[in-house]
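Protein chains in written order, with our numbering: chain A, 1 to 308; chain B, 1001 to 1374.
Cβ atoms here follow ideal geometry from the backbone N, Cα and C, with glycine treated the same way.
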Amino acid sequence: METTDIGLWGVPLAMLGGAIRVSTPFIFVSLGEAITERSGRINLGLEGTLVFGAMSAYAVAVMTGSPWLGLLAAALAGLCFGLFHGWICKFPKVNDIAIGIALMLFGTGLAFFFGKPFIQPSAPDLPAIPFGAWSDIPQVQAALNVNVLFLIGAALAVFLWWAFRNTRVGLIVRVVGDSADAARAMGLNPNTVRLLATGVGGALAGIGGAYLSLYYPGSWTERISSGQGLMAVALVIFARWNPLGCFAAALLFGGAGALGPALQSVGVTQGYYLFYAAPYILTLIIMIATSSPSRTLAGAPGELSITK
Amino acid sequence: MADTVSSPDVRTILDARGYRAALEWIARRAEAFVIPLAALVVGMVLFSVFILAVGKSPVQLYETMWRGGFGSWFSIQNSLSRGAPLLLAALCVALPARLGLVVIGGEGAIVLGGVAAAAIGVALNGAPSFLVILLMGVGGAAAGGIWIGVVGALRHYRAVNETISSLLMAYIAIALMNHLVEWPLRDPASLNKPSTQPLADIYRIGNIPGMEVHWGLVVGILACVLSWLLIEKTRWGFAARIAGGNVRAAQVQGLAVGPLIVGFTALAGGFAGLAGMIEVAAVQGSANGSLAAGYGYTGILVAFLARHNPLAIIPVAILLGGIDASGGLIQRRMDLPDATVLVLQGMLFIVILFSETFYGRFKLFNPDLWQRST
Chain A
1 METTDIGLWG VPLAMLGGAI RVSTPFIFVS LGEAITERSG RINLGLEGTL VFGAMSAYAV
61 AVMTGSPWLG LLAAALAGLC FGLFHGWICK FPKVNDIAIG IALMLFGTGL AFFFGKPFIQ
121 PSAPDLPAIP FGAWSDIPQV QAALNVNVLF LIGAALAVFL WWAFRNTRVG LIVRVVGDSA
181 DAARAMGLNP NTVRLLATGV GGALAGIGGA YLSLYYPGSW TERISSGQGL MAVALVIFAR
241 WNPLGCFAAA LLFGGAGALG PALQSVGVTQ GYYLFYAAPY ILTLIIMIAT SSPSRTLAGA
301 PGELSITK
Chain B
1001 MADTVSSPDV RTILDARGYR AALEWIARRA EAFVIPLAAL VVGMVLFSVF ILAVGKSPVQ
1061 LYETMWRGGF GSWFSIQNSL SRGAPLLLAA LCVALPARLG LVVIGGEGAI VLGGVAAAAI
1121 GVALNGAPSF LVILLMGVGG AAAGGIWIGV VGALRHYRAV NETISSLLMA YIAIALMNHL
1181 VEWPLRDPAS LNKPSTQPLA DIYRIGNIPG MEVHWGLVVG ILACVLSWLL IEKTRWGFAA
1241 RIAGGNVRAA QVQGLAVGPL IVGFTALAGG FAGLAGMIEV AAVQGSANGS LAAGYGYTGI
1301 LVAFLARHNP LAIIPVAILL GGIDASGGLI QRRMDLPDAT VLVLQGMLFI VILFSETFYG
1361 RFKLFNPDLW QRST
C-alpha cells in the first residue's frame, strides 16, 4: 500500500507542506519589494516581472538543460524590468504606481508572446532536499520535501534584516526612502539609489517566478501566476517593511493558499473555489486591520506614495 | 521648441486681436491632443522595432491590424462590439481617477454584475421582458457598485490603498463567480463549461437596427456622456475635481469628501457591473467563466489613454476594441502569438504614462509665455 491513510490529519500536514511550497515565490517577491519600497518607490509591476521570470527561466532551462541557468536568466530579466521601472520613474510627473500597472500588462504580454513555444516541452526541476526521509508516511515525506530556494529565501530574509540595520548600503537605502532631501544633503542621488533598489527588487521577483515554473507548479502555462506579485506588495505593508516579517507573512500566505488544494486532496469536492480565494481575503482583512486613516503606518518609509 | 510667433510676419498678423485670441484658444487646447497622439505614434514606432526584431514586417502588421479592426463594415462592427464593454470598464477607472484614486479592479465588478444579472434573469423567468431587462441592469449595476463602493469606503474610512484592495477584490470576485456558476447557480445541462441557466430569448438584448452591434454600445456612449456632464457641469463633479486636486483643501472648504469618494467609486463600479450585465444579456446568454475576459484590465489602459476624460474614452475604447478585434487575424495571417496585441497595449501604456512628463514643458502650448520670446 503506497499511501497511508492519516485521515483529517492530512489537512494540516498538507497545509504545512503547502505553506513551504507555495510561500517561496512570496518570499522572494516580497523581499524584493521590501528593498524597493524601503528606497521610497513602489513597484506594482512585479506581477509582470514574476510571469516573465517564470517564462524565461523555463525557456532557458528547456534549451540548456540546466535549471540554474534558467534561474539566472529569470534574475537577469527581472533586473532589466526593475531597472526600467526605476529609470522611467525618475522623470517628473511619472506616477510609479501607474507605471507598475503598465509594466504588469507589458511583462505578462511579453511572457505570453515569447512563451508560446515552451508550453509543451518539459524542463528540469530545481532540486529539493528530502527532510522527511526519516518518516515512513508518504504525506510527511511530501510535506517536508523542501526546495533549496526556500532555504535561500529564508537566509536572505535574515541577511536583509541584518543588512538594513548594520550596513552602509542598508542605511543609504533607508535614508533615501525616508527623506530624499536628507539624502541629497548627504551627497546621495536618490534616483540612482532607487534605480538600483528597484533593479534588485525586480531580480528577486524574477527568481520568484523561476521557482513557479521550475519547481511548483513546475511547468510554464499562461495561468502560472495568480496575483502573487500583487499580494506580495500588500504583504510588505503588512510586514511593516521588515524582511523577517516578510518571511513570516509569506509563510502565512502560503498556508492560506494551500488550503484549497489541501481540502481537495482529502476529498472535499464542493466549494473549493471559495477556499482558493482565502489568500486574497486574508490579505484584504490584514490590510483593513493594519491601516488607519489617522496615523501613518509604523515603520513606513517617509517617501512612499502609497502611505501618504 | 521653436514657436511660430517669433517670426515677424506672423506677429503682424497677430496684431489683429481676433487671430491672436483664436490662436491662444487653439494652443491651450492643443496640448491635450498633440501629446497623447504623439505618444501613440511613438508607441507604435517602438512596437514596429519590436516586430522587426522578431523578424516580421511591421508594415504588414499594421496593415493587417487596420484590415482586422477598421478595414471593412464587418470589421468596424466587430470593433464597435468589442469597444462597447471597454467604454463602461474604462469609466470604472476614470471616475475614481478624477478623485485621485487608482482603482484597477473593474474586472471584479464586471464579473459580479454579470452573475447578478444572470441570476435575476433566470429567477424572474416569465415576467414581462422590459421589466426583467431593467431589473437585470439595475441588479448588475448594484452588484458592481457595491463591490467598488466598498473599495472607496475602505480607502476613505480605513485608509486602505485602493489600488491593491480593488485588485484583491477582483480576484475574490472571480473566485466567487466560479463558485456560483459551478454549484449554486449551475445549469446541470452545462457539462464542459459550467454556466448559469441560459436566459430566455425575450430577455436578451438585441442589435441596434441596421447593424450587427448590440445596444450595449449605445448604453456605453450614453454613460460616457453622462459621466462627462457629471464631472464638468455639476457641483458634485466640481467638488470631486477639487478633492482630486487636493484632499485637504477640499476638507477645509467643508466638502463631504467621504460620501463623494464612496459615491464616485460606487457609480464607477455600477458602470462596470452594467458592462457585465450587457455581456450576459447581449453576448453570452448566461453567466460563465468567459465573463472574466480581461475587459476590466483593457479598460485601465483605455482610461489612462483618454487621460480620464469620459468623452475621450469613446474614441479610445473603439480604437482599442479594433486592436483587440484584429488579434485573431494577426495570429492567422502573420503567424504571431495572440499575445502580440498585449505587447502592443503594454508598450502604448508605458509610453502614454511617460508622456505625462511633457505636459507644461512646451512653450508652444502656453500663450502666456509667448510674449517673452518677442
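If one requires a minimum length of 4 residues, the alpha helix (DSSP H) runs lying completely within the region 1094 to 1151 of chain B are 1106 to 1123, in chain order. Close CB contacts of A:F28 within its chain, under the 6 Å cut and outside five residues either way in sequence, are with G153, L204, I207 and G208 (chain order).
For A:V175, the three-state secondary structure derived from DSSP is helix.
A straight line joining the alpha-carbon of A:N43 with that of A:G199 spans about 10 Å.
Under the Cβ criterion of 9 Å, A:V94 is counted among the residues facing chain B. For A:S122, the three-state secondary structure derived from DSSP is coil. With contacts defined by Cβ atoms closer than 9 Å, A:T283 and A:L244 do not form a contacting pair.
Put simply, of A:A289, A:L274 and A:S265 the residue whose alpha carbon is nearest the alpha carbon of A:A14 is A:S265. Rounded to the nearest whole angstrom, the C-alpha separation of A:F26 and A:E222 is 19 Å. Around B:E1182, the beta-carbon contacts reaching into chain A at under 8 Å are Y273. Contacts with chain A at 9 Å (Cβ-Cβ) include B:P1337. For B:S1195, the beta-bridge partners assigned by DSSP are B:N1288. If you check each beta-carbon in the region 282 to 293 of chain A against every beta-carbon of chain B, the ones closer than 8 Å belong to T283, L284, M287, I288, S291, S292 and P293.
Between the alpha carbons of B:L1344 and A:K90 lies a gap of roughly 23 Å. At a Cβ-Cβ threshold of 9 Å, A:A102 and B:F1304 count as neighbours. Linking B:V1283 to A:R240 through their CA atoms gives a straight-line distance of about 46 Å. Taking C-beta atoms as the reference points, B:G1083 and B:L1319 count as a pair closer than 9 Å. A:I129: not part of any alpha helix (DSSP H); member of the beta strand (DSSP E) spanning A128 to P130, first to last residue. When DSSP states are grouped into helix, strand and coil, B:H1179 belongs to the helix group. The way I'd put it, the region 1073 to 1088 of chain B does touch the region 1211 to 1224 of chain B; three or more beta-carbon pairs between them come closer than 8 Å.
Take A:Y216, set aside five residues on each side of it, and the residues of its chain with a beta-carbon closer than 8 Å to its own are R21, V22, T24 and N147, in chain order.
In the DSSP assignment, A:V146 falls within the beta strand (DSSP E) that extends over N145 to N147. CA-to-CA, the gap between B:L1176 and B:G1296 works out to about 17 Å.
Taking B:G1285 as the centre and dropping the five residues before and after it, the same chain places the C-beta of P1198, L1199 and R1204 closer than 7 Å to its C-beta, in chain order. Here B:N1246 is not bridged, per DSSP, to any residue.
The contact set of A:G199 on chain B, defined by CB atoms closer than 9 Å, is empty, because the minimum CB distance reaches about 17 Å.
In the structure shown, A:N189 adopts coil according to DSSP, grouped into three states. Of all C-beta pairs linking the region 1259 to 1266 of chain B to the region 1050 to 1057 of chain B, fewer than three are shorter than 8 Å, placing the two stretches out of contact.
Annotated three-state conformation of B:H1214 is strand, per DSSP. Residue pairing from DSSP leaves B:R1307 without any beta-bridge partner. Interface flag for A:S219 against chain B is unset, since no Cβ pair is found closer than 9 Å. Across the set A:F253, A:W220 and A:N145, the C-alpha of A:F253 shows the shortest separation from the C-alpha of A:V233. Beta-bridge pairing by DSSP links B:N1078 to no other residue. Leaving aside the five residues that flank A:G299 on each side, the residues in its chain whose CB is nearer than 8 Å to its CB run, in chain order, R240, W241 and N242.
Neighbours of B:M1347 in chain A, taken as residues whose beta carbon is under 8 Å from its own, are F106 in chain order. Chain order gives the chain A residues near B:R1158 as I288, S291, S292 and P293, where near means a beta carbon separation below 8 Å.
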